[in-house]
Amino acid sequence: SPVWFTPDQKADFETLWFELRGGEPEEPAHLTVLGRDVVIERTAGGMARATFEALCARPLGPQDYLAIAGRFHTIFLEDIPVLGPANHHEARRFVTLIDALYEAKTRLVGLAVAPPEALYTEGVGAFEFERTVSRLNEMASADWLTHERPA
């Protein structure tokens, strides 16, 4: 799909970020969620760019992800690893993040070491992760990429 890249396609991922940014300068964004400051280091023109570690290895919750999804129309998420039993907390946060993006109709551009189907095949919640795979595939469809976000 044009929105799911593997490490050998990192140049294409970078090019897409550059093109969609359209010369907008990058700057950090601060979101206040439940009295806490959630910082997204790289944002430009309604888009945010973050590493998997920054969004899923920190103790962020549904409210944080909903705030991020509501603030940006497109999220570039890079360095998405293959997950297993040892990082089921990160996997759960990733599921929560994808749910928030899905509900908000936010576009996701991913740079991952594997296709969605191979990201989390064993560990706590691996069965439930299949719904996330299905959502990721739907979010990569042409219909998803051309729809209007609810105002």
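Numbering of the sequence shown is given in the numbering used here, commencing with residue 500 and proceeding in unit increments. Ideal Cβ positions, reconstructed from N, Cα and C, are used throughout, including at glycine.
For this session: Output the distance between the C-alpha atoms of Pro615 and Val581, rounded to the nearest integer angstrom.
Result: 9 angstroms
For this session: In the DSSP assignment, find the beta strand (DSSP E) that holds Arg592 and state where it starts and stops.
Result: Not the beta strand (DSSP E): Arg592 falls in the alpha helix (DSSP H), residues His587 to Glu602.
Problem set entry | Boundaries of the beta strand (DSSP E) in which Ser606 is found, first to last residue | Looking at the sequence provided, one finds Arg at residue 606 rather than Ser. Element bounds for Arg606: Arg606 to Ala611.
Exercise. By DSSP, does Glu540 sit in helix, in strand, or in coil?
Worked result: strand
For this session: Taking all protein chains shown into account, decide if Asp507 is buried (16 or more other Cβ within 10 angstroms of its Cβ) or exposed.
Result: exposed
Exercise. Nearest CA to the CA of Ala547: which residue from Val532, Arg520 and Leu533?
Worked result: Arg520
For this session: Answer with buried or exposed for Asp563, where buried requires no fewer than 16 other C-beta atoms within 10 angstroms of its C-beta.
Result: buried
Problem set entry | Unbroken beta strand (DSSP E) run spanning Pro527, endpoints | Glu526 to Val532
Problem set entry | Residue span of the alpha helix (DSSP H) that contains Leu554, given as start and end | Phe551 to Cys555
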